[in-house]
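**Student:** Just passing along the structure, written as structure tokens.
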Amino acid sequence: MAERSTAAVDVADNSGDKPLTAQAGQSTADGEAQTRERDTADDGTAKTNEPTSPSGATTPPELHSGHKLARRYRLEECVTRLDGFSSWRAVDEKLRRAVGVHLLPADHPRARSVLAAARSAALLGDPRFVQVLDAVEENDLVYVVHEWLPDATELTALLAAGPIEAHDAYQLVSQVSQAMAAAHREGLAHLRLTPSAVLRTSSGQYRIRGLAVNAALRGITSEAPQRTDTEAIGALLYASLTQRWPYDNDAYGMSGLPKDIGLISPDQVRAGVHRGLSELAMRALVNDGATASRQEPACTTPDDLVKAIAELPRIRPPEPAFTAPPEYQRTTYQQGNYGRGAPPPGATQPVPAPPPPLQSRTGKALKWAVSALLIAALGLGSWQLADALLDQDKSKESGTTRTTDGDDKKQPKPSRPIAVQNAQESLLGGKAQDPENVPKTYDGDASTLWRTKSYVDGPRLAPYRKGVGIVYDLGSAKNVSTASLGLKYQGPDTTVELYAADSMSPSGPVSSLKKIGDGTTTGSSLKIKADKPVKTQYVLLWMTHVPESGTDGYYGAGYKQGITEVKFKG
């Protein structure tokens, strides 16, 4: 059973952008930028260090809607045709899902670099990037297949309606900076991080498309890739705060800054901009000896940006606006007008007289009957109370008074919550699933989660993967008797086992560890109870079966599971 890769590249576009330090190809280890290209064509498109039509490049293959690649990928709509390559929206007929495809002739000067970039990006496997699904050379064609996110919206479209809220801008720069820092640690750069390369999903998460591949398609390289991507992130934040492109040219549907005034801070462009985010954008955009806002050092790598964001005070989301409910209106039926027309305007409504009291013979008889029942009930209650008091006195005189001291000692003590001090993924099952989100399983917030990857076959992960797991540190050795889990996906096939581990990185097979308990759920929660409390400092949560679920947020349909909250008691 193979893991389903969910990584991808973005659909090519020819909208305006600005390669910020594009030079000859180098590794992602940054050096000092020698030159800084900001030249753009009149229409806003980026100029690279290669001509628009590379020497010796063939024209894009004459393909049409309905053409199939590898008897699997059916081309539906041509999105872009540019610079010797074309991009399509297609359908994977085998898995019945939409995908994107980049196509170029095998003899294209950049075909080899595109294949290498796509294969490197696919190995990253980070869900914050649109994932590469396939990279193939076949029948004089090179094509790259990637995810297609129908529920996602480009940042370009979001900014067309105006600047975004400070909290949303904070989430944008935070998520994009963390993702690019992770990519650079693996030796990958983007080099074309424009508003059209950033997508916002329906769940509010930001995804980056075109990692390494978009630059390879256009022949963009850089001597300082980390600085290039950092400055691009600063431009994205600047545009999000002001709806202006931070250079003197118009691009991506936004106006540029006025000529001959230089780079001014976002809070000078638009009133009400968050001061901390404005300074952060300037620190990311400042290079080559320029002075950052308030004399703060410039951020030249995504890691610098991540650290600077962590120093900002927390930016809370805006308070939701509640509308007052409409004033209560009495109906005509309640007003005694049922079956009649509404009174004319200004007419006085007659006040109905209250019903007369029970003065008839039947009413008097009813009152006497109720009084008699009340008297009988009081008498019966008094007799039962007296009888109970007499029985109590007799039991005291005969010496049969019961004591519960001995019984109380035999009663089991109520279990107490155990706080989790630390946690990390276990690698006993192989490759990590979602290591950065492990703390979300015990942060007290049921809306956050850690999740597995999507698998093609299931629900049992074995024999291709023995299981996936998380090791929890309880701080010191404690008696563990129960564990409760909140799950993302409902289904009848989630199976979880708990083991006492000897460290945060237990070695050897899982079967060699002492088992605390196990359980299988049919809903969205699971409770595991040990036959006898087990004393341990480290607890391994081991998942061997996962349910099948449809497409959502980060992942496509398949066998997968997510954990929202884990609580231990002892």
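All letters in the sequence shown, in the order written, are residues 19 to 588 by our numbering. Think of the CB as a built atom: it goes at the ideal place given N, C-alpha and C, for glycine as much as any other residue. Since this is a predicted model, take the numbers as computed values, not measurements.
Which residues bound the beta strand (DSSP E) around I182?
**Tutor:** Walking along the sequence shown from the start, residue 182 turns up at place 164. Neither: I182 is in no beta strand (DSSP E) and is coded neither H nor E.
**Student:** When burial is assigned at 16 or more other CB atoms within 10 Å of the CB, is G580 buried or exposed?
**Tutor:** Taking the sequence shown and counting its residues from 1, one reaches residue 580 at position 562. Label assigned to G580: buried.
**Student:** Under DSSP, the beta strand (DSSP E) around L492 begins and ends at which residues?
**Tutor:** Along the sequence shown, read from residue 1 onward, the residue named residue 492 stands at position 474. Note, L492: beta strand (DSSP E), V486 to L505.
**Student:** Measure the alpha-carbon distance for R262 versus L295 and round it to whole angstroms.
**Tutor:** By 1-based counting over the sequence shown, the position of residue 262 is 244. By 1-based counting over the sequence shown, the position of residue 295 is 277. Here the C-alpha atom of R262 lies approximately 15 Å from the C-alpha atom of L295.
**Student:** Roughly how many angstroms separate the alpha carbons of T539 and P527, rounded to a whole number?
**Tutor:** For the purposes of this step, residue 539 is taken as the residue at position 521 of the sequence shown. For the purposes of this step, residue 527 is taken as the residue at position 509 of the sequence shown. Each residue's Cα considered, the two are about 25 Å apart.
**Student:** Any contact of the region 507-524 with the region 556-573, i.e. 3+ C-beta pairs under 8 Å?
**Tutor:** yes
**Student:** Examine the Cβ distances between the region 488-504 and the region 436-456 and report whether three or more of them are shorter than 8 Å.
**Tutor:** yes
**Student:** Could you spell out where the alpha helix (DSSP H) holding Y256 opens and where it closes?
**Tutor:** Sequence index remark: in the sequence shown, residue 256 carries index 238 (1-based). Counting along the chain, the alpha helix (DSSP H) containing Y256 begins and ends at P243 to T260.
**Student:** Looking at the secondary structure, which residues open and close the alpha helix (DSSP H) in which R107 lies?
**Tutor:** Position 89 of the sequence shown, counting from 1, holds the residue named residue 107. Per DSSP, R107 belongs to no alpha helix (DSSP H); it is in the beta strand (DSSP E), F103 to D110.
**Student:** What would DSSP say about N267, mapped onto helix, strand or coil?
**Tutor:** Here residue 267 is taken as the residue at index 249 of the sequence shown, counted from 1. Coil.
**Student:** Along the beta strand (DSSP E) that carries R99, what are the first and last residues, could you check?
**Tutor:** One-based indexing of the sequence shown puts residue 99 at position 81. Here the beta strand (DSSP E) through R99 covers Y91 to L100.
**Student:** Taking the straight line between their C-alpha atoms, what separation do you get for L142 and E204?
**Tutor:** In the sequence shown, residue 142 corresponds to position 124, counting from 1. In the sequence shown, residue 204 corresponds to position 186, counting from 1. Each residue's Cα considered, the two are about 7 Å apart.
**Student:** In the structure shown, what three-state DSSP assignment does S567 receive?
**Tutor:** The sequence position of residue 567 within the sequence shown is 549, counting from 1. Strand, per DSSP.
**Student:** Could you name the residues that DSSP lists as bridge partners for N440?
**Tutor:** Numbered from 1 along the sequence shown, position 422 holds the residue referred to as residue 440. Answer by DSSP bridge pairing, in chain order: D491.
**Student:** Three or more beta-carbon pairs under 8 Å between the region 167-181 and the region 213-226, yes or no?
**Tutor:** Judged by Cβ distances under 8 Å, the region 167-181 makes contact with the region 213-226, as three or more pairs qualify.
**Student:** Run through DSSP, which three-state label would T540 get?
**Tutor:** Counting from one through the sequence shown, the residue named residue 540 turns up at place 522. Correct three-state label for T540: coil.
**Student:** Once DSSP output is grouped into helix, strand and coil, what is the label at I393?
**Tutor:** On the sequence shown, position 375 is the one that residue 393 refers to. Reduced to three states, the DSSP call for I393 is helix.
**Student:** For K578, which beta-bridge partners are listed by DSSP?
**Tutor:** Position 560 of the sequence shown, counting from 1, holds the residue named residue 578. Looking at the DSSP assignment, K578 forms no beta bridge with any residue, so it has no partner.
**Student:** With DSSP run on the structure shown, which of helix, strand or coil describes R434?
**Tutor:** For this step, residue 434 is matched to residue 416 along the sequence shown. Coil at R434, not helix or strand.
**Student:** Shortest alpha-carbon distance to L8 belongs to which of A88, S138, C96 and R90?
**Tutor:** In the structure displayed, the chain extends from 19 to 588; residue 8 sits before or after that span and is not available.
**Student:** Taking a contact to mean a Cβ-Cβ separation below 9 Å, would you say R227 touches H164 in this structure?
**Tutor:** Working through the sequence shown from its first residue, we reach residue 227 at position 209. Working through the sequence shown from its first residue, we reach residue 164 at position 146. Result yes, Cβ atoms of R227 and H164 sit closer than 9 Å.
**Student:** If you follow the beta strand (DSSP E) that Q149 is in, where does it begin and where does it stop?
**Tutor:** By one-based count along the sequence shown, residue 149 stands at place 131. Unbroken beta strand (DSSP E) run through Q149: Q149 to E156.
**Student:** With a CB to CB cut of under 7 Å and the five nearest residues on each side skipped, what residues in its chain are close to S104?
**Tutor:** On the sequence shown, position 86 is the one that residue 104 refers to. Within the same chain, S104 has close Cβ partners P78, C96, T98 and L121.
**Student:** Taking the straight line between their C-alpha atoms, what separation do you get for P315 and S195?
**Tutor:** In the sequence shown, residue 315 corresponds to position 297, counting from 1. In the sequence shown, residue 195 corresponds to position 177, counting from 1. Computed Cα separation, rounded: 17 Å.
**Student:** My output table needs one value for Y517: the three-state DSSP class, helix, strand or coil.
**Tutor:** Locating residue 517 in the sequence shown gives position 499, where the first residue counts as 1. The answer is strand: DSSP assigns Y517 an E or B state.
**Student:** Apart from the five residues on each side of it in sequence, which residues of its chain come closer than 8 Å, Cβ to Cβ, to S543?
**Tutor:** Position 525 of the sequence shown holds residue 543. These residues qualify, in order along the chain: S502, L503, G504 and L505.
**Student:** Tell me the DSSP bridge mates of G274?
**Tutor:** Indexing the sequence shown from 1 puts residue 274 at position 256. DSSP output for G274 lists W263 as bridge partner(s).
**Student:** For Y161, tell me which candidate among A136, F147 and D144 has the shortest Cα-Cα distance.
**Tutor:** Mapped onto the sequence shown, residue 161 falls at position 143. Per the Cα distances, A136.
**Student:** Are the Cβ atoms of K578 and T470 separated by less than 9 Å?
**Tutor:** Residue mapping note: residue 578 aligns to position 560 of the sequence shown, counting from 1. Residue mapping note: residue 470 aligns to position 452 of the sequence shown, counting from 1. Yes.
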